[in-house]
Amino acid sequence: MCLALPGELIAIEDGHPPGVAVDPSDPADAALWRFGLVDFGGVQRQVSLACVPEARLGDQLLVHVGFALSVVQP
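What follows is the structure, encoded as structure tokens:
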């Protein structure tokens, strides 16, 4: 059984780990290394936004094992 938790996206950062070659002109590379800070009722965690390129600040996301899987519509 898998469990995804809802949380609010409160910050977005674009970047990649040191030593990883990224082509800044390739939109796929930019989306792959997009991370966000998600608040789960007072607990904040950094998650990958690679699966939800449409995510914006304030969105509610479903997160499983550090990956935002979908944007929850209110």
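Residue 20 is where the sequence shown starts when you use our numbering, and the numbers rise one by one after that. Glycine residues also receive a C-beta, built at the ideal position from the N, C-alpha and C atoms. Remember, it's a predicted structure, so these values are computed and weren't measured experimentally.
What number of angstroms, rounded off, separates the C-alpha of residue i from the C-alpha of residue j?
{"i": "residue 80", "j": "residue 29", "result": "11 Å"}
{"i": "residue 58", "j": "residue 26", "result": "5 Å"}
{"i": "residue 74", "j": "residue 68", "result": "7 Å"}
{"i": "residue 60", "j": "residue 66", "result": "15 Å"}
{"i": "residue 54", "j": "residue 64", "result": "10 Å"}
{"i": "residue 56", "j": "residue 85", "result": "11 Å"}
Using CA coordinates, which residue listed in the options is at the minimum distance from residue i?
{"i": "residue 76", "options": "24, 31 and 51", "result": "31"}
{"i": "residue 33", "options": "51, 64, 93 and 45", "result": "51"}
Leaving out five residues before and five after residue i in sequence, what residues of the same chain have Cβ atoms less than 8 Å from its Cβ?
{"i": "residue 83", "result": "21, 22, 23 and 24"}
{"i": "residue 88", "result": "23, 70, 71, 80, 81 and 82"}
When the distance is taken between beta carbons, is residue j closer than 7 Å to residue i?
{"i": "residue 78", "j": "residue 90", "result": "yes"}
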